[in-house]
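Residue numbers for the sequence shown follow the working numbering, beginning at 0 and rising by one.
Glycine is no exception: its CB is placed at the ideal position from the N, C-alpha and C atoms.
The next block holds one structure in the form of structure tokens; read it before the comments.
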Amino acid sequence: MGYLATEHKTFVHHIALDPSGSLLASCSSDKSVEVFYRHRVPCGEDRWRLGCTMADHYGPVLRLSWCQHREHGPLLATAGADRWIYVYRIVVSSHKGNPVVQSIRWLPVRGYEKDAITDVAFVPPQLYQVLLLSTASLDGSVRVYEVHKPLQFPCICKIMPEACGPTSDVSGVATKRESTGSILKTSDGIGGASPISQQAELLTSAAGRPPGLTPLMRSSASPVSPASPESPNFSSGCETALCGPAQWGSGISSIAWFPSATESTMTLAVGAVSGRFYMYRYLKESTSFESIALPPDVVCQSSIEGMQWAPPLGRCFQLIAICSRSSVLILRMNTISPSYEAVDKLSFELYKHPTGAVSASWSRSATLLHLATDDQQTEMFVLQMRDPTNHQSWELVSSHHVPLPRF
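See the structure below:
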């Protein structure tokens with residue numbers, strides 16, 4: 000197993016590969032983002048080399064998302080505790096036979112989020128002429144933005160899964176757009192910081208592991224830096240919600256889009272700080288969300304740390320892994336595609352593994368699930384599906400501790 004030594008000064012919160020597998024990005028509490036490129040060695044093991052570093056955020060950077068755009072190539076979105084959304088175009092060129100990696104920053108946007116952004120994800124772009132970017136926040140909302148270069152990113156849709164309670168059917172509401180370049184007032188939830196986000200600077204230390212995302216966000220030390228006078232205007236538009244404001248503890252911690260790029264509607268999985276799990280269909284024509292009915296036992300005993308869809312290849316069912324520090328849930332949808340059946344007609348099966356994890360990765364055949372923990376020491380273990388016709392046939396086939404080297 001190889002290791003990658005970053006130049007971050009403190010905890011690395013997230014790493015992500017681009018769709019081609021040749022670029023890797025990492026983000027940290029030190030407010031920076033690093034992009035590495037794969038250096039291929041003839042007759043040897045490939046190595047990762049640092050290509051460029053971005054330090055535009057005012058607070059800890061918590062999540063990254065890649066997208067392979069048909070016109071602009073690799074795009075990288077970053078978001079975190081300062082509630083700013085940055086999109087970079089990553090350009091790989093060659094100089095004297097050596098790769099050169101450069102980042103071109105698109106117009107940064109201070110989104111509608113009233114609290115720290117905990118996750119960011121591109122909607123699979125092959126479906127739409129306009130590129131869409133979604134965010135999750137501790138304010139309890141999931142928002143969808145249109146990515147316009149070099150214009151602002153208007154928020155076109157918003158849902159608050161937990162604002163009306165765990166069993167409510169909350170649809171997204173299309174937003175009205177103001178003229179580009181207008182600045183939102185504090186009453187719109189942009190200018191003022193909530194009590195939680197006023198403490199969004201993460202605690203860092205020289206030893207130990209980073210606690211979970213949400214405890215870090217709420218055990219913080221210094222306020223988020225306000226927008227600087229040199230910063231561009233905030234994103235334009237206004238939004239409405241069907242329910243009242245989200246309550247303490249009802250934040251959204253993770254989002255994941257179904258990876259197929261051939262759907263007429265897209266499916267979004269949403270994980271909450273409370274441990275509850277939601278699933279929606281995004282309807283492009285009406286820019287709204289439709290709630291999918293789930294079994295009542297699809298819930299974790301602690302905050303959902305991450306989710307990962309299995310590759311949708313050659314199966315009559317789809318799988319998603321839901322990670323928390325208390326357990327790992329594997330949810331099976333008995334359908335070729337989540338968009339083929341009515342939302343109340345989908346059938347599900349659930350397998351619960353008693354060991355917690357913070358991240359998951361599927362094999363291409365979706366018969367192996369690789370899980371990683373970071374409690375006290377890093378542990379990796381693998382679950383295998385013995386019988387595709389029996390969803391309870393998952394079993395542990397490998398487990399080992401990973402000694403981390405000192406650089």
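8 Å Cβ shell around residue i - same chain, five flanking residues per side excluded
{"i": "V342", "result": "R280, E289, S290, I291 and A292"}
{"i": "E394", "result": "L382, Q383 and R385"}
{"i": "L318", "result": "W308, A309, I329, L330, R331, M332, W361 and A365"}
{"i": "E378", "result": "A371, T372, S398, H399, H400 and V401"}
{"i": "Q300", "result": "G274, S323, S325 and S326"}
{"i": "S21", "result": "Y36, R37 and V91"}
Opening and closing residue of the beta strand (DSSP E) in which residue i lies
{"i": "Q383", "result": "E378 to M384"}
{"i": "N97", "result": "N97 to R104"}
{"i": "H13", "result": "V11 to L16"}
{"i": "R37", "result": "V32 to H38"}
{"i": "M332", "result": "V327 to M332"}
{"i": "F347", "result": "F347 to H352"}
{"i": "C322", "result": "Q317 to S323"}
{"i": "Y87", "result": "W83 to H94"}
{"i": "T5", "result": "Neither: T5 is in no beta strand (DSSP E) and is coded neither H nor E."}
{"i": "D118", "result": "I116 to F121"}
{"i": "E304", "result": "I303 to W308"}
{"i": "C42", "result": "Taken as a continuous stretch (DSSP letters only), C42 belongs to no beta strand (DSSP E), as it is neither H nor E."}
{"i": "S259", "result": "S259 -> no beta strand (DSSP E), and no H or E assigned at all."}
{"i": "C299", "result": "Unbroken run through C299: none, as it is neither H nor E."}
{"i": "A24", "result": "L22 to S27"}
Same chain only: Cβ atoms within 7 Å of residue i, ignoring 5 sequence neighbours per side
{"i": "C51", "result": "V34, V100, Q101 and S102"}
{"i": "K351", "result": "S326 and L328"}
{"i": "P18", "result": "W65 and Q67"}
{"i": "L282", "result": "T264 and E289"}
{"i": "V129", "result": "E145"}
DSSP-derived helix/strand/coil call for residue i
{"i": "H67", "result": "For the sequence presented, residue 67 should be read as Gln rather than His. Note: Q67 maps to strand in three-state DSSP."}
{"i": "Q391", "result": "helix"}
{"i": "P73", "result": "strand"}
{"i": "I189", "result": "With a pLDDT of 33 at I189, under the threshold of 50, the predicted position of this residue should be treated as unreliable, though the coordinate-derived value follows. DSSP places I189 in coil when its eight states are reduced to three."}
{"i": "L183", "result": "With a pLDDT of 29 at L183, under the threshold of 50, the modelled position of that residue is not reliable, and the figure given next carries that caveat. The answer is coil: DSSP assigns L183 none of H, G, I, E or B."}
{"i": "G207", "result": "Caution is warranted here: a pLDDT of 41 is assigned to G207, below 50, making its placement in the model unreliable, and the coordinate value is therefore given only provisionally. Three-state result, G207: coil."}
Residues near residue i in its chain [Cβ-Cβ closer than 6 Å; skip 5 each side]
{"i": "L3", "result": "W47"}
{"i": "A15", "result": "A24, L63 and W65"}
{"i": "K8", "result": "D29"}
{"i": "I84", "result": "A78, V108 and G110"}
Buried/exposed call for residue i, threshold 16 Cβ in 10 Å
{"i": "S447", "result": "Since the first and last residues shown for the chain are 0 and 406, residue 447 lies out of range."}
{"i": "R82", "result": "buried"}
{"i": "E407", "result": "This structure does not reach residue 407, given that the chain is present from 0 up to 406, and the question cannot be answered."}
{"i": "R324", "result": "buried"}
{"i": "G139", "result": "buried"}
{"i": "K95", "result": "exposed"}
{"i": "L252", "result": "According to the sequence provided, residue 252 is Ser. The question's Leu does not apply to it. Buried."}
{"i": "P41", "result": "exposed"}
{"i": "L294", "result": "Per the sequence shown, the amino acid found at residue 294 is Pro instead of Leu. Result: exposed."}
{"i": "D114", "result": "buried"}
{"i": "Y57", "result": "buried"}
{"i": "S302", "result": "buried"}
{"i": "R142", "result": "buried"}
{"i": "D118", "result": "buried"}
{"i": "T134", "result": "buried"}
{"i": "Y339", "result": "exposed"}
{"i": "E70", "result": "exposed"}
{"i": "S196", "result": "Since pLDDT at S196 reaches only 40, below the 50 mark, its modelled position is unreliable, and the value read off the structure follows with that caveat. With 16 or more Cβ atoms within 10 Å of its Cβ, S196 is classed as buried."}
{"i": "T388", "result": "exposed"}
{"i": "Q246", "result": "Model confidence at Q246 stands at a pLDDT of 46, short of 50, so the residue's coordinates are unreliable and nothing is read from them."}
{"i": "P73", "result": "buried"}
{"i": "L137", "result": "buried"}
Residues sharing a beta bridge with residue i, DSSP
{"i": "M265", "result": "Y281"}
{"i": "R109", "result": "W83"}
{"i": "C156", "result": "V143"}
{"i": "E289", "result": "R280"}
{"i": "T134", "result": "V119 and R142"}
{"i": "A359", "result": "L370"}
{"i": "G270", "result": "S253 and F276"}
{"i": "H56", "result": "The partner list for H56 (beta bridge, DSSP) is empty, contrary to what the question assumes."}
{"i": "S398", "result": "F380"}
{"i": "A78", "result": "R62 and I84"}
{"i": "R314", "result": "The partner list for R314 (beta bridge, DSSP) is empty, contrary to what the question assumes."}
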